[in-house]
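Undergrad: Add 11 to a position in the sequence shown, counting from 1, and you land on the number used in our numbering.
Here's a structure for you.
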Amino acid sequence: MNHHNTPLFTALMQHAESDPVQFHIPGHKKGAGADPQFRSFIGDNALSIDLINIVPLDDLHQPAGVIQEAEQLAADAFAADYTLFSVQGTTGAIMTMIMSVCSPGDRIILPRNAHKSIMSAVIFAGAVPVWVNPEKDDQLGIDHGVTLSSVRQALKNNPSAKAVLLINPTYYGTSVNLLDMVEMIHSYGIPVLVDEAHGTLLHFHDDLPMSAMQAGADMAATSVHKLGGSMTQSSVLNVQGDLVDIRRVRTFMSMLTTTSTSYLLLASLDTARRQLALHGKALAEQTIRLAADTRRQINGISGMYCFGEEICGESGVFAYDPTKLCIHLGGLDISGFAAEQWLRQHHKIEVELSDLKNILCLVTLGDTERETGLLLKALRHLSETFKSRENKSSQEPAAVPDFSSFSLTPREAFYASAESVELRESCGRVISEFVYVYPPGIPILVPGQLITPEIVDYIQQHIEVGLPVKGPEDPDIHKLRVVAVPERTAAQ
12 MNHHNTPLFT ALMQHAESDP VQFHIPGHKK GAGADPQFRS FIGDNALSID LINIVPLDDL
72 HQPAGVIQEA EQLAADAFAA DYTLFSVQGT TGAIMTMIMS VCSPGDRIIL PRNAHKSIMS
132 AVIFAGAVPV WVNPEKDDQL GIDHGVTLSS VRQALKNNPS AKAVLLINPT YYGTSVNLLD
192 MVEMIHSYGI PVLVDEAHGT LLHFHDDLPM SAMQAGADMA ATSVHKLGGS MTQSSVLNVQ
252 GDLVDIRRVR TFMSMLTTTS TSYLLLASLD TARRQLALHG KALAEQTIRL AADTRRQING
312 ISGMYCFGEE ICGESGVFAY DPTKLCIHLG GLDISGFAAE QWLRQHHKIE VELSDLKNIL
372 CLVTLGDTER ETGLLLKALR HLSETFKSRE NKSSQEPAAV PDFSSFSLTP REAFYASAES
432 VELRESCGRV ISEFVYVYPP GIPILVPGQL ITPEIVDYIQ QHIEVGLPVK GPEDPDIHKL
492 RVVAVPERTA AQ
């Protein structure tokens, strides 16, 4: 295939150049009806291709023209049989994966550090999750991957499971031995789904962990916007093999996708694919080299540690993505969240995420030595300002607690009669809503789960340092929504 071509983007430019008189949505009509300040900032070029699925521009819900051509080029670039564009982000692609293989009551094997979107899909599908705990890193306070033996045991205990979902790489950049994992799961005759949200570049350089398609996974949801150069909210769903039905996959993708699809997002996927297919290896190599040099210098800053190749071989870690800089602040007297705020206030540095004792910085195709130099300067200032005299932080790391028992399925609990109780009084009750810190969006509590004192303490710890705990109907997290007890429901 000719990856110099951008069938969709080219069609959009040609359509805009023909300057048609539009009597269809969007109502801003190429910017003429938009707010003048917004129009001036965004620019007429962008507004001229903010269009709708008219005949010359194809239809994402049933592509047969330029969108189909663009998706076929993407499939070739990602080494997939099929690639579906998503304007619902990777959340939409993840939901499509799960709902296309699970029906109500079906079991699906999931890692504990699954993203909230995975659990939302489980609720919508009416599936029953089977949890596998990932390996914990007590030093850093983060989760890595699940092990081959733990997934095999889950399969043996649940022979009727319809699929296994894996996260590769994790938000912090560690990967499992995906090739062996896929081969083992396929021996049970079920598909492997991969949350590859943070793995766009894996497809394009051999020094990065193996991609899902290379490992033989059946479906992978990939956030091209995160690391591949497309616009926010644009992602792809890669599909291969005969364990999943592409027609059913397309049906669910259409059901979960707006009919007012953004052609700006679609065009950015088309052009990001071109750049990655033609220059991805060179750009990734440059990014890897820049990140490696930055990591080396971070590890020379007092009070900080940024893991690298030495982590490979630890339980749950087969490989790591060097473009992700997980900076542990173990020797500084400051929490990760406070460090994020301090870097923003004093150096205008924005990090990807922070937790109790880490900050995560991403080095991408858009970075140069100028940006990493500014980061290093800011980190040195941070070290000088918050160096702990005892060389030990006052804020200890804490990994997400293992899931407690479930007395209801997530779907049953989510739709059950519920009531609000004070956070400290919720122990022993069954949660009916999500509680998570975003980013990264890994649930602390999932509907149907028993609330324990350990979990309440973990939530309270995050609230006290100011981390963004989200999910409950009560935005202040003073109360949690729990399943109502039968007698109380009857009384009401």
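Where a beta carbon is used, it is the ideal one built from N, C-alpha and C, also for glycine.
For residue 398, which three-state DSSP category applies?
TA: strand
Undergrad: Quick check: what's the CA-CA separation for residue 306 versus residue 393?
TA: Rounded to the nearest angstrom, the gap between the Cα atoms of residue 306 and residue 393 is 16 Å.
Undergrad: Could you give the DSSP three-state label for residue 16: helix, strand or coil?
TA: coil
Undergrad: For residue 68 and residue 388, what's the separation of their Cα atoms in angstroms?
TA: 48 Å
Undergrad: For residue 140, write down the residues that DSSP places opposite it in a beta bridge.
TA: 119
Undergrad: When you compare the CB positions of residue 134 and residue 176, do they come within less than 8 Å of one another, or not?
TA: no
Undergrad: Determine the contact status of residue 183 and residue 337, defining contact as a CB-CB distance below 8 Å.
TA: yes
Undergrad: How is the alpha helix (DSSP H) around residue 358 delimited, first residue to last?
TA: 347-358
Undergrad: Given a cut-off of 8 Å, decide if residue 416 and residue 491 are closer than it, judged by their beta-carbon atoms.
TA: no
Undergrad: When you compare each of 224, 146 and 139 to residue 114 by their alpha carbons, which one comes out closest?
TA: 139
Undergrad: Using only CA atoms, which one of 49, 94 and 472 lies nearest to residue 258?
TA: 94
Undergrad: Is the beta carbon of residue 412 less than 8 Å from the beta carbon of residue 448?
TA: Between residue 412 and residue 448, the CB-CB gap reaches or exceeds 8 Å.
Undergrad: Roughly how many angstroms separate the alpha carbons of residue 380 and residue 321, rounded to a whole number?
TA: 24 Å
Undergrad: Comparing alpha-carbon positions, which option in 197, 62 and 283 lies nearest residue 237?
TA: 283
Undergrad: In whole angstroms, what is the alpha-carbon distance linking residue 136 and residue 353?
TA: Their Cα atoms are separated by approximately 42 Å.
Undergrad: Report yes if the C-beta distance between residue 197 and residue 205 is below 8 Å; otherwise report no.
TA: no
Undergrad: Identify every run of the alpha helix (DSSP H) within the stretch 155-238, keeping only runs that are complete inside it and at least 4 residues long; order them along the chain.
TA: 159-168, 189-197, 223-226 and 235-238
Undergrad: Per DSSP, what are the beta-bridge partners of residue 26 in this structure?
TA: Partner(s): none; residue 26 has no beta bridge.
Undergrad: Quick one: what's got a C-beta closer than 7 Å to residue 131's C-beta in the same chain, skipping five residues either side?
TA: 106
Undergrad: Could you say if the stretch 422-436 and the stretch 341-352 meet the contact criterion of at least three C-beta pairs nearer than 8 Å?
TA: no
Undergrad: Please go through the stretch 273-322 and give each complete alpha helix (DSSP H) segment of 4 or more residues, from N-terminal end onward.
TA: 274-309
Undergrad: For residue 288, which residues from the same chain have a beta carbon less than 7 Å from its beta carbon, with the 5 sequence-adjacent residues on both sides left out?
TA: 14 and 88
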